[in-house]
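The opening residue of the sequence shown carries number 34 in this note's numbering; numbering runs sequentially from there. For each residue, glycine too, the CB sits at the ideal point set by N, CA and C. Because the structure is a prediction, the values reported are computed rather than measured. In what follows, a structure is listed as structure tokens, so that the remarks can point back to it.
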Amino acid sequence: MANARKVAVVVGSLRKESFSLKVAKAVVAMAPPTLAMEVVDIAQLPLFNQDWESAYPPPAAAFKQRIAEAEAVLFVTPEYNRSVPGVLKNAIDVASRPYGQSAWSGKPGAVISVSPGAIGGFGANQHLRQSMVFLDVPMLQQPEAYIGGANKLFDAQGQLVSDDTRQFLQKFVQAYAEWVERHAKR
Ligand code: FNR
Numbered sequence: 034m035a036n037a038r039k040v041a042v043v044v045g046s047l048r049k050e051s052f053s054l055k056v057a058k059a060v061v062a063m064a065p066p067t068l069a070m071e072v073v074d075i076a077q078l079p080l081f082n083q084d085w086e087s088a089y090p091p092p093a094a095a096f097k098q099r100i101a102e103a104e105a106v107l108f109v110t111p112e113y114n115r116s117v118p119g120v121l122k123n124a125i126d127v128a129s130r131p132y133g134q135s136a137w138s139g140k141p142g143a144v145i146s147v148s149p150g151a152i153g154g155f156g157a158n159q160h161l162r163q164s165m166v167f168l169d170v171p172m173l174q175q176p177e178a179y180i181g182g183a184n185k186l187f188d189a190q191g192q193l194v195s196d197d198t199r200q201f202l203q204k205f206v207q208a209y210a211e212w213v214e215r216h217a218k219r
């Protein structure tokens, strides 16, 4: 769709066979035509250093620019030690500074947490919401998305094989599309 809303999909795992990335790809593939979703890579980001604030290193500047150009954001993340993986927190910090020039501000957002475990990354999901409240990102409230048992959802080609999860993600992305429409800036 020509005027589809640009959505930056940020995945909190750098692992090649990441379940979170597989969930993200499944969601991108089922997105309605009103959303143009793209995974924005965070693997090349250096660790944030506040000394950059006068001049960001090029990969950090490029990432912040990608977020600035997006109209909405979707996080798909594992849980590390009951919180957000450091690589994702770093990406959030990179695009949030200098103070007053955050690229996240006001963009409708949502989070899907993913885990092979039964709790579905609840801790990461909630910690991410805490940062997003501060960053003025209105986060989709319902449905909440805690994807547990992620090691059983995909075949060897990385295709989603669980009908229940497919139906849930379809419902989720539909609710997210409505959320984006309601909260996007233009
Ligand atoms: C984990 N894992 C994990 N799982 C969970 O449900 N809660 C947790 O707190 C943690 N903590 C944790 C810490 C660290 C450092 C690692 C490496 C892993 C397991 C994690 O869910 C599993 O490795 C997933 O496969 C990671 O997600 P991706 O990479 O598959 O998207």
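{"Query": "Nearest-angstrom Cα separation, counted from LEU121 out to ALA76", "Result": "10 Å"}
{"Query": "Distance cut-off 7 Å: ASN114 Cβ against heavy atoms of the ligand FNR", "Result": "yes"}
{"Query": "Beta-bridge pairing of ALA69 - partner residues as DSSP gives them", "Result": "LYS39"}
{"Query": "VAL147 Cβ short of 7 Å to the ligand FNR heavy atom set", "Result": "yes"}
{"Query": "Where LEU78 falls: helix, strand or coil (DSSP)", "Result": "coil"}
{"Query": "Span of the alpha helix (DSSP H), counted from its first residue to its last, around PHE187", "Result": "No alpha helix (DSSP H) holds PHE187; DSSP gives it neither H nor E."}
{"Query": "Segment contact flag, the segment 100-114 with the segment 129-146, C-beta cutoff 8 Å, min 3 pairs", "Result": "yes"}
{"Query": "With 16 other Cβ atoms within 10 Å as the buried cut-off, status of SER135", "Result": "buried"}
{"Query": "Bridge partner(s) assigned by DSSP for VAL147", "Result": "ILE180"}
{"Query": "The ligand FNR heavy atom lying under 7 Å from the CB of ILE152", "Result": "yes"}
{"Query": "Cβ neighbours of VAL127 in the same chain (closer than 7 Å, five flanking residues each side left out)", "Result": "LEU78, PHE81, ALA93, PHE96 and LYS97"}
{"Query": "Exposure label - ALA210; buried when at least 16 CB within 10 Å", "Result": "buried"}
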